[in-house]
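Remarks on the structure that follows.
Residue numbers (full-length UniProt numbering): 1 to 292.
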């Protein structure tokens, strides 16, 4: 069943002040990662009720993948988030993040305040993930991350991928064992073949069994993620018992490229609306599962 959720755009706004940014710079790097993001970012304001730490997740193939984990005291669920682009966020062992503009990276604090724990994996050895996210090898890596998160006992596990990262989310969900994940969220998914040589359709969306939310911004001008393909993505999820469409609109453009993070493609300026509406779907999905 495919459901469509449409909504009028909220006014554009700037969510962070110079004073708050200055406070983030002066705050000691204990419990919170220091992001290097453009002015005006929102989401990662220090909060004493949120803990953040670097984790090194062991992989069955050998080695480990570094990830940033942030959580409120009693999370409703954990969202494993996959950034777009190359996937390299430049996460240091000290928690500093060199590439913090991506939608999921810059807003993780906002998700925490909605009640969700967030885990964002970096790439292994700074590997460029373009062309790799739909591979069986990467699916096994996602399986290892899911198993690790379950051992943290932080509630149900959701996958969320944005742009190129949506390919990783679909691949992980397609290979996940029944009951391992509570749902999948795809935002501004790459659905047109481009330089990476893969799209969400390369990752076997028909094998995804968990509930799916497909989010698209009507104003997204990224050539490999046209919003009109959202329904096509949803229709490809033939194995899922529930597929929901969420259309949003608006944003501010600051990046030079249409597929950049600080554009409608990355929900720049409308983060709060998008996060609130996705969070509502996550909570509804958790409630529905608890009644079964």
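Ideal placement from N, C-alpha and C gives every residue a C-beta, glycine not left out.
Residue i versus the options, residue with shortest Cα-Cα distance
i: residue 106; options: 174, 84, 149; result: 84
i: residue 47; options: 219, 110, 163, 124; result: 110
i: residue 60; options: 159, 160, 146; result: 146
i: residue 228; options: 190, 211, 203, 74; result: 190
i: residue 254; options: 248, 263, 202; result: 263
i: residue 198; options: 148, 51, 167; result: 167
i: residue 211; options: 195, 63, 186; result: 186
i: residue 182; options: 78, 270, 192; result: 78
i: residue 213; options: 220, 151, 188, 224; result: 188
i: residue 117; options: 292, 279, 208; result: 279
i: residue 154; options: 51, 266, 291, 271; result: 51
i: residue 96; options: 132, 277, 54; result: 54
i: residue 164; options: 234, 292, 291, 266; result: 266
i: residue 58; options: 256, 149, 49, 101; result: 149
i: residue 70; options: 162, 240, 152, 247; result: 152
i: residue 133; options: 104, 103, 174; result: 174
i: residue 247; options: 231, 128, 221; result: 231
i: residue 159; options: 131, 285, 291; result: 285
i: residue 80; options: 127, 256, 180; result: 180
i: residue 261; options: 127, 176, 225; result: 225
i: residue 196; options: 291, 131, 126; result: 131
i: residue 126; options: 92, 104, 103; result: 92
Cβ neighbours of residue i in the same chain (closer than 6 Å, five flanking residues each side left out)
i: residue 140; result: none
i: residue 99; result: 89, 90
i: residue 281; result: 213
i: residue 82; result: 161, 165, 168, 169
i: residue 37; result: Note that residue 37 has pLDDT 41, beneath the 50 cutoff, so the model's placement of it is unreliable and the number below is only indicative. Hits under 6 Å: 100, 101, 106.
i: residue 221; result: 258
i: residue 23; result: Reliability fails at residue 23, whose pLDDT of 36 lies under 50, so the model's placement of it is uncertain and the value that follows must be treated cautiously. None.
Beta-bridge partners of residue i, as assigned by DSSP
i: residue 183; result: 158
i: residue 67; result: 55, 121
i: residue 116; result: 77
i: residue 127; result: Partner(s): none; residue 127 has no beta bridge.
i: residue 82; result: 161
i: residue 91; result: 97
i: residue 50; result: 72
Cβ neighbours of residue i in the same chain (closer than 8 Å, five flanking residues each side left out)
i: residue 223; result: 192, 194, 258, 259
i: residue 289; result: 156, 182
i: residue 49; result: 72, 73
i: residue 208; result: 170, 173, 174, 184, 237, 239, 240
i: residue 137; result: 61
i: residue 135; result: 171
i: residue 129; result: 86, 87, 88, 123, 138, 164, 168
7 Å CB neighbourhood of residue i in its chain, flanking five on each side removed
i: residue 275; result: 107, 110, 111, 114
i: residue 219; result: 249, 250, 251, 264
i: residue 238; result: 206
i: residue 56; result: 64, 66
i: residue 75; result: 115, 116, 117, 154, 155
i: residue 216; result: 188, 227, 230, 247
Checklist entry - Would you call the region 194-213 and the region 168-178 in contact, with 3 or more CB pairs under 8 Å? => result yes
Checklist entry - Do the region 122-141 and the region 62-69 meet, that is, are 3 or more Cβ pairs less than 8 Å apart? => result Taking 8 Å as the limit for Cβ pairs, the verdict is that the region 62-69 does touch the region 122-141.
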